[in-house]
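Structure, as structure tokens:
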Amino acid sequence: MVEPIFNYQFRLILIGDSTVGKSSLLKYFTDGKFAELSDPTVGVDFFARLIELKDGTKIKLQLWDTAGQERFRSITKSYYRNSVGVLLVYDVCNRASFEHIPQWMMDARRHIEPHRPVFALVGCKLDLVTNGSRREVSKEEARAFADQHGVHHIETSAKTGINVEEAFRIVTQEVYSRIQTGEYKLEDGWDGIKTGFYKPSGFDFNLIEAEPAETSCC
Ligand code: GDP
Ligand code: MG
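Residue numbers are given in UniProt numbering: position 122 of the sequence shown equals residue 122, and the series is strictly consecutive.
Take a look at the structure:
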């Protein structure tokens, strides 16, 4: 009898223009709070969180954030290669960040090939929209773009936390559905999807230390 710590591990990445709110979104999702972030250093940051789907399946999410590389869209190929899910992030109050989304999507598609990732278009900083006055990308326009490309769309705020959980959940759920339909298969040498880690029930480290296993043998 074994009990899963998690059934699968999915690797997701966040891409989009610098300052749209990618790191804040990740921070909120993994820490449950908004944090003023210091200037990014160049490289890649890594976060993890376990989530449980409606049917009880436990998924460990490995979440990768660019740290500065996105400033010049100079993201290294390996950042993309082992990903199964992509959050395409823009700022609802920054028109240019939305206009660059097709380019980000193309980069991701090209580098993740031959795998077909699950995409979600995520509009950030929803809290800044007061009476629509600061909004530069309408919900309808973003939704139309998402529908046209067959991807999910959601608007969030890492300040209030609205829809942050949901943004990661829609991608996770879709990856899981594609495993169930057989579209995604586990592959050696690809870290987009990995099988889980199981712990024998009743397994107790203290017990092992107190009572060393029998050494008698055949
Ligand atoms: P990144 O470059 O895409 O990782 O963006 P950051 O997460 O570093 O955020 C850039 C700036 O926007 C920071 O000053 C954040 O505090 C701010 N910010 C991020 N998300 C939100 C949000 O949802 N609402 C508001 N009001 N500010 C945000
Ligand atoms: Mg960042």
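Think of the CB as a built atom: it goes at the ideal place given N, C-alpha and C, for glycine as much as any other residue.
Three or more Cβ pairs drawn from the stretch 6–20 and the stretch 94–104 lie within less than 8 Å of each other, which places the two stretches in contact.
Using a Cβ distance threshold of 8 Å, His152 and Ala158 do not count as a contacting pair.
Exclusion of the five residues before and after Val118 leaves Gly85, Val171, Glu174, Val175 as the residues of its chain whose Cβ lies within less than 6 Å of its Cβ. Here Phe34 is not near Arg49, since their CB atoms are 8 Å or more apart.
Annotation: Ile101 is outside any beta strand (DSSP E); the continuous alpha helix (DSSP H) that includes it extends over 101–112. Sorted by position in the chain, Ser18, Thr19, Val20, Gly21, Lys22, Ser23, Ser24, Glu36, Leu37, Cys124, Lys125, Asp127, Leu128, Ser157, Ala158, Lys159 make up the residues whose C-beta lies under 6 Å from a heavy atom of ligand 1. For the pair Leu121 and Val92, the CB atoms are not nearer than the 8 Å cut-off. The secondary-structure analysis by DSSP pairs Thr66 across a beta bridge with Val44. Taking the C-beta atoms as reference points, Gln9 is found no nearer than 8 Å to Lys54. Between Arg11 and Leu63, the alpha-carbon positions lie close to 6 Å from each other.
Looking at Glu52, Ala67, Gly189, Lys27, the one whose alpha-carbon comes closest to that of Gly16 is Ala67. About 13 Å separates the beta carbon of Gly196 from that of Ile51, a gap too long to meet the 8 Å contact definition. Not a single heavy atom of ligand 2 lies less than 7 Å from the C-beta of Ala96. For Tyr90, there is no enclosing alpha helix (DSSP H); the enclosing beta strand (DSSP E) has its first and last residue at 85–91. Under the three-state reduction of DSSP output, His149 falls in the helix class.
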